[in-house]
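Protein chains in written order, with this note's numbering: chain A, 4 to 379; chain B, 3 to 323; chain C, 56 to 404. Backbone N, C-alpha and C fix where the C-beta goes; we use that ideal spot for every residue, glycine too. Remember, it's a predicted structure, so these values are computed and weren't measured experimentally.
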Amino acid sequence: MTSSTPSSDKKGAATHAGPGEQSGQSPSHKLDDATFQQKPVLSVRHMRVEFPTRHGTLVALDDVSFDIAPGEVLGVVGESGAGKSMTGNAVIQLLEPPGRIAEGEVYLSGKRIDDLAEEDFVPLRGRHIGMIFQDPLTSLNPLFSIGDQLIETIRTHLPMNEKQAREEALKLLREVGIPAAEERLNSYPHQFSGGMRQRVVIALALAARPEFIIADEPTTALDVSVQAQILALLKRLCADHGTAVMLVTHDMGVIAETADRVAVMYAGRLIEIGPVEEVIRSPQHPYTKGLMASIPGIVKRLDRLYQIEGSMPRLAAIPLGCPFNPRCPHAQDRCRTERPDLMPAGAGQAACWLHDPVDPLPRLDENDTQEHAHVR
Amino acid sequence: MSQELQRADPTPVVAKPPGKLRTFLDSDIVHSWKNQPVVIVATLVTLIMFAAALFAPWIAPQNPFDPRQLELIDAFTPPLTTSDFTGNFYLLGSDSQGRDVFSAILYGSRISLLVGFAAVIFALALGTALGLMAGFRGGWRDALIMRIADVQLTFPSILMALLIFGVIRGFLPRSMHAEVAIIVLIIAIGLSDWVQYARAVRGATMVEKNKEYVQAARVIGLPARKLLFQHILPNVMRPVLVIGTIGLALAIIAEATLSFLGVGMPATQPSLGTLIRVGQDYMFSGEWWILLFPGVALLMLALSVNLLGDWLRDILNPKLR
Amino acid sequence: MCADTAIKQQPSPASGDILLEARDLARHFDVSKPWLNRVLERSEKLSLKAVDGVSFSIRRGETVALVGESGCGKSTVARLVVGLYGLTRGSLVFDGEDISDLSQRTGRQAASLRKRFQMIFQDPYASLNPLWRVGTIIGEPLRFFRPEMSSTDRRRRVGELLEQVGMSPMDALRYPHEFSGGQRQRISIARALSNEPEFMICDEPTSALDVSVQAQILNLMRDLQDEYGLTYLFISHDMAVVKHMSDRIAVMYLGRIAEISPSDQLFANPHHPYSKMLLAAVPSLEGVGKERTMIQGEVPNPVHPPSGCAFHPRCPHANARCKAEVPLLIARDDGSEVACHAVEEGRIE
Chain A
4 MTSSTPSSDK KGAATHAGPG EQSGQSPSHK LDDATFQQKP VLSVRHMRVE FPTRHGTLVA
64 LDDVSFDIAP GEVLGVVGES GAGKSMTGNA VIQLLEPPGR IAEGEVYLSG KRIDDLAEED
124 FVPLRGRHIG MIFQDPLTSL NPLFSIGDQL IETIRTHLPM NEKQAREEAL KLLREVGIPA
184 AEERLNSYPH QFSGGMRQRV VIALALAARP EFIIADEPTT ALDVSVQAQI LALLKRLCAD
244 HGTAVMLVTH DMGVIAETAD RVAVMYAGRL IEIGPVEEVI RSPQHPYTKG LMASIPGIVK
304 RLDRLYQIEG SMPRLAAIPL GCPFNPRCPH AQDRCRTERP DLMPAGAGQA ACWLHDPVDP
364 LPRLDENDTQ EHAHVR
Chain B
3 MSQELQRADP TPVVAKPPGK LRTFLDSDIV HSWKNQPVVI VATLVTLIMF AAALFAPWIA
63 PQNPFDPRQL ELIDAFTPPL TTSDFTGNFY LLGSDSQGRD VFSAILYGSR ISLLVGFAAV
123 IFALALGTAL GLMAGFRGGW RDALIMRIAD VQLTFPSILM ALLIFGVIRG FLPRSMHAEV
183 AIIVLIIAIG LSDWVQYARA VRGATMVEKN KEYVQAARVI GLPARKLLFQ HILPNVMRPV
243 LVIGTIGLAL AIIAEATLSF LGVGMPATQP SLGTLIRVGQ DYMFSGEWWI LLFPGVALLM
303 LALSVNLLGD WLRDILNPKL R
Chain C
56 MCADTAIKQQ PSPASGDILL EARDLARHFD VSKPWLNRVL ERSEKLSLKA VDGVSFSIRR
116 GETVALVGES GCGKSTVARL VVGLYGLTRG SLVFDGEDIS DLSQRTGRQA ASLRKRFQMI
176 FQDPYASLNP LWRVGTIIGE PLRFFRPEMS STDRRRRVGE LLEQVGMSPM DALRYPHEFS
236 GGQRQRISIA RALSNEPEFM ICDEPTSALD VSVQAQILNL MRDLQDEYGL TYLFISHDMA
296 VVKHMSDRIA VMYLGRIAEI SPSDQLFANP HHPYSKMLLA AVPSLEGVGK ERTMIQGEVP
356 NPVHPPSGCA FHPRCPHANA RCKAEVPLLI ARDDGSEVAC HAVEEGRIE
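Pasting the structure below:
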């Protein structure tokens, strides 16, 4: 279900599909259950993002490919600078200039969207792509009541009159768990607490019933107790509506309890992808393994945390071969010269020569993080 | 995303730190400078005019402040003309006293720049000191200083300068007026202009004093004086210097305005503003050069300094980048 | 009123002498509008009770953690202890000396006291003066506390400190912006170590860092503790980090301590309903796919805290007494102290 590339003839048709056609097509799309289940909602193929600077071109993302199925939550994790947020921004064409997608394709429900001009892309945001950001205040206009904002969003995207839209807005607010929704419709964003605001943002993101939602660090600004509420809400609603979610976060805990699959990024590359339980319980890439072992747990207490020596390379100085090789306990000659692509590993895929199906490299350091990994 | 990029980006971690000159030549400031022809021109014009003003005694054909050097018989010589009487060449013509306009502009911009710089430094020092105190100490000092600033802001600064100028002169005997005109001008313009420095410094101080590097210094018990001068002041100076550059252009214009209105520099020691005031009498009688050239000089000076200030503000303001 | 009771409830230290004793600490901030607005709008003076009656003690060589959600006052406690804020009420005793007036003491005469403790801050991007070289930053406490030291000796000492935190002595010549967040936090630690303190206050030292860097920093802090016998007051919102680092943990809620327990005890058997909820809400890698127990509601606005026990609106066990009466910390047999009427009355375990 995850690795089906849209066939080439579909590509040709999709390239020329205008936004008008899309909004006409999508509802019928949703009804067509049989075909729908097999096709990924979002499909990113060999995406490369470049930032031309006067010191040369920085490759911020290199050869990133993944799919998200209907109703699936794909977690994208990585440390700062790994390119996780940039992956999301590239998909929704919100890269900061001079960043640009240099290679690769992005498909939304089978239609190519990465080559759309800005004015053709704007109607997609909101209608087909919902967005949730870290700071709820950036998504809400402080000058309008949340009712006005919801009703306007609904009426922009769906054929409803004022009264129907108001009913819909009420329904949405109740759905995201806002008490006394009827009265709160007339409240302004500053009258809500942080957690309640993020609920309103979720309601806004869901208002046009998009098939894809991108959530970038949606709970990072919230306290743990509220975080749990928001994540559960997001997960439940998206499962109910069959919405595909790309959840970008640095927090493995958030991924663990929310995502179905997880994509791990390092230095602008996707280095491991797989079902969340598998990646957490038995990570395949040495970096993921180190990362998992370095997280303190609340069940067992260790004397020392496992630590990956060194730090992630800057974009201007990504080493040749595997980007992780200078920090990797298993690094060998091949890792320093030849770049590994994603290869089948465990229940998912990892970009590591240890998993080369033809000629796997031997592990150099057998007891590297094994004991730590078992503790998790 | 931009944050990630910025954090990942700055300066090599492996390579040896390059030399200071190379770092400077490779910096964003130099790069931005090189790519903006307008800024390059503004820089050149500013430098030339500063140099001309600074070296006026060596460049100018005559000293326009010295009545003995003026040839009354050469009055109203048009530009690019050699006088039939004295054989003096007048590049930009001469005025009613036979004063060489070119020399007058050189000496005049000297006074304009002197007043401008001195007034800015005075305003900057006063505003920074008051802003630091208001921002760091807070409480009634803050309230008092900022309320005075608010009241002063309700008057146009040129009106303020006029008022201060008049008040100071009122305390001085009439005989001293010409001698101390330049100092009175500096104080008047400086006093009318401290508010914006105080506001900028106060805001920046309130931000910096709560930053953790200042708190770390407080934890070791550093006295307030050291906190202010070692940590906070150097870190709030950047916006102040940008305002200062733009303020220089404004101070030059303020000086010209006052002199034009006849309350600034006396006609015996003309600044650019005085020259324009004198020149406007001859605007319609055919001696256009007496007004035009000082006017152009003032325009070029103020405009190029202003353009430089704008560019500095843009490049140094992290919010615009 | 809670001052006396709180002190009585302090357990006598079983082992080790007490380095820091905090009794009934309180800090109120004036958050009212400016005087003129108050007069015109007829509004009352408002005060935010950021910390309101917090008592705890720290034994030498021990790590005590303060944990809680935003607005619970944990960072304010840290700043009270190092004298960045003055006390509104209560007292602080450091190694037998009353230092309640610490915030007033600056300059040389306070040096002999202040050189004994140091603080590490949360934001590695704000905690170093951007205009200073790293060597100058690390040498600052030395210049102040040991003015007699020659600049050559000082430079040598700065080099040693840099090596101690895993960096190169050459880094002393660079500026902070040339380093990553983790490296900057190492520089902060080197600066804090330079005057050989006994007591280190760490305010969310790893919250701004990535997990792999966090592991490096936490390991470094443990190593330094072993080497120098440091005592830590460790502030964090992250339960897992707190468990990894500390011997005893105080859970704070709206300016008060809800429960203070030995670390293992708290995680194995939390008493206070809030501690239980906080633990249940932690996303855990150990239980992938497991639903977290949901906490209802959010932390209320601390300017208008609920009456009685501040947690009662969110507590499933709240009754009339909880709404009216502020619970005090009461010691239990298992070494924990809990401020909860329901626990005291035996209504819950």
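#1: Return no unless some Cβ of chain B is closer than 9 Å to the Cβ of S182 of chain C.
#2: When you check each C-beta in the stretch 258-285 of chain C against every C-beta of chain A, which residues fall closer than 8 Å?
#3: I'd like to check one pair, Q287 of chain A with G351 of chain A: are the Cβ atoms closer than 9 Å?
#4: I'd like to know whether the C-beta atoms of V122 of chain C and M294 of chain C end up nearer to each other than 9 Å.
#5: Report buried or exposed for D36 of chain A, applying the criterion of at least 16 other Cβ atoms within 10 angstroms of its Cβ.
#6: Along chain A, which residues have their Cβ under 8 Å away from the Cβ of I237 of chain C?
#7: Are the Cβ atoms of N324 of chain C and I222 of chain B separated by less than 9 Å?
#8: Between Q28 of chain A and H131 of chain A, what straight-line distance do the alpha-carbon atoms span, to the nearest angstrom?
#9: Report, in whole angstroms, the separation of the C-beta atoms of P260 of chain C and Q240 of chain C, which I expect to be a contact under 8 Å.
#10: Consult DSSP for K114 of chain A and reduce its assignment to one of helix, strand or coil.
#11: Classify Y157 of chain B as buried or exposed, calling it buried when 16 or more other Cβ atoms lie within 10 Å of its own Cβ.
#12: Beta-carbon separation of G74 of chain A and A235 of chain A under 9 Å?
#13: Touch check for the stretch 270-278 of chain B and the stretch 293-311 of chain B: three-plus C-beta pairs under 8 Å?
#14: Does V296 of chain C get closer than 9 Å to chain A when you measure Cβ to Cβ?
#15: Flag this pair as yes or no: are the beta carbons of D97 of chain B and A77 of chain B separated by less than 9 Å?
#16: Output the boundary residues of the beta strand (DSSP E) element that contains V265 of chain A.
#17: Beta-carbon within less than 8 Å of I61 of chain B's beta-carbon, same chain only, minus the 5 sequence neighbours each way: which residues are those?
#18: Quick one: give me the first and last residue of the beta strand (DSSP E) that I403 of chain C is part of.
#19: Between the alpha carbons of L318 of chain A and S243 of chain C, how many angstroms are there, rounded?
#20: When DSSP labels each residue in this structure, what does C355 of chain A get in the three-state scheme?
#21: Alpha carbons only, please: which of B:F262, B:M267 and B:V307 is nearest the one belonging to L293 of chain B?
#22: Which one of C:V86, C:G126 and C:P252 has the shortest CA to CA distance from A166 of chain C?
#23: List the endpoints of the continuous beta strand (DSSP E) containing D93 of chain C.
#24: I'd like to confirm the pairing. Which residues does DSSP put opposite F215 of chain A in its beta bridges?
#25: Could you name the residues of chain A that P338 of chain C contacts, counting a contact when the two beta carbons are closer than 9 Å?
#26: Would you list, in sequence order, the uninterrupted beta strand (DSSP E) runs of no fewer than 3 residues that lie entirely inside the stretch 197-243 of chain B?
#27: Using a Cβ cut-off of 8 Å, which residues of the stretch 87-109 of chain C contact any Cβ in chain A, in chain order?
#28: Are I234 of chain B and I184 of chain B close, meaning C-beta to C-beta below 9 Å?
#29: Who are the neighbours of A165 of chain C on chain B, taking C-beta pairs under 8 Å?
#30: Using a threshold of 9 Å, state whether the C-beta atoms of A133 of chain C and I304 of chain C are closer than that.
#31: Of the residues that make up the stretch 276-309 of chain B, which ones have a beta carbon closer than 8 Å to any beta carbon in chain C?
#32: Considering only residues of the same chain and omitting the five flanking positions on each side of K170 of chain C, which have a CB-CB separation below 6 Å?
#33: Under 7 Å, CB to CB, which of the residues in the stretch 353-365 of chain C have a partner in chain A?
#34: Can you give the Cα-Cα distance for I73 of chain C and E117 of chain C, rounded to whole angstroms?
#35: Three or more C-beta pairs closer than 8 Å, one from the stretch 271-284 of chain C and one from the stretch 89-103 of chain C: is that the case here?
#36: Under the rule that 16 or more other beta-carbon atoms within 10 Å means buried, what is L101 of chain C, buried or exposed?
For this structure:
#1: It does; some Cβ of chain B falls within 9 Å.
#2: Within the stretch 258-285 of chain C, the qualifying residues are D265, V266, S267, V268, Q269, A270, Q271, L273, N274 and R277.
#3: A contact, by the Cβ cut-off of 9 Å.
#4: The Cβ atoms of V122 of chain C and M294 of chain C sit closer than 9 Å to each other.
#5: At D36 of chain A the pLDDT is 43, less than 50, meaning the model places this residue with poor confidence and gives no usable figure here.
#6: Ile is not the amino acid found at residue 237 of chain C; the sequence shown has Gly there. Chain A residues near G237 of chain C: S314.
#7: Their beta carbons are not under 9 Å apart, which means N324 of chain C does not touch I222 of chain B by this criterion.
#8: Only weak support is given to the placement of Q28 of chain A: the predicted model assigns it a pLDDT of 39, under 50, and the value that follows is read from those uncertain coordinates. Roughly 11 Å between the two C-alpha positions.
#9: With 8 Å as the limit, P260 of chain C and Q240 of chain C qualify as a contact, their Cβ atoms being about 7 Å apart.
#10: It is a strand residue.
#11: Before going further, note that residue 157 of chain B is Phe rather than Tyr in the sequence given. It counts as exposed.
#12: In this structure, A235 of chain A does not lie closer than 9 Å to G74 of chain A by Cβ.
#13: Short answer: they touch.
#14: Yes, because at least one Cβ of chain A sits closer than 9 Å to the Cβ of V296 of chain C.
#15: Yes.
#16: Note, V265 of chain A: beta strand (DSSP E), R264 to Y269.
#17: Only A54 and L108 meet the Cβ criterion.
#18: Element bounds for I403 of chain C: n/a, residue is neither H nor E.
#19: Spanning the two alpha carbons is a distance of roughly 26 Å.
#20: Reduced to three states, the DSSP call for C355 of chain A is coil.
#21: For the residues B:F262, B:M267 and B:V307, the minimum Cα distance to L293 of chain B belongs to B:F262.
#22: Residue C:P252 is the option with its Cα nearest to A166 of chain C.
#23: The amino acid at residue 93 of chain C is misidentified as Asp; the sequence shows Arg. Premise fails: R93 of chain C lies in the alpha helix (DSSP H), W90 to E96, not in any beta strand (DSSP E).
#24: BP columns for F215 of chain A point to A:I132 and A:A247.
#25: For the C-beta of P338 of chain C, the chain A residues within less than 9 Å are, from N- to C-terminus, V227, Q230, A231, L234, D254, M255, G256, V257, I258, A259, E260 and T261.
#26: Those beta strand (DSSP E) runs which fall completely within the stretch 197-243 of chain B and span 3+ residues do not exist here.
#27: Considering only beta carbons, no part of the stretch 87-109 of chain C lies closer than 8 Å to chain A.
#28: No, Cβ-Cβ distance for I234 of chain B and I184 of chain B is not below 9 Å.
#29: Residues of chain B passing the Cβ test: G223.
#30: No; because the gap between Cβ atoms is not below 9 Å, this pair is not in contact.
#31: Listed in chain order, the positions of the stretch 276-309 of chain B with a beta carbon within less than 8 Å of a beta carbon of chain C would be empty, since no residue qualifies.
#32: Here K170 of chain C has F200 and N250 as same chain residues with Cβ atoms under 6 Å from its own Cβ, once five neighbours each way along the sequence are excluded.
#33: Flagged, chain order: E353 and V354.
#34: I73 of chain C and E117 of chain C: Cα-Cα distance of roughly 10 Å.
#35: Output reads no: the stretch 89-103 of chain C does not touch the stretch 271-284 of chain C.
#36: Here L101 of chain C is exposed, its C-beta having fewer than 16 other C-beta atoms within 10 Å.
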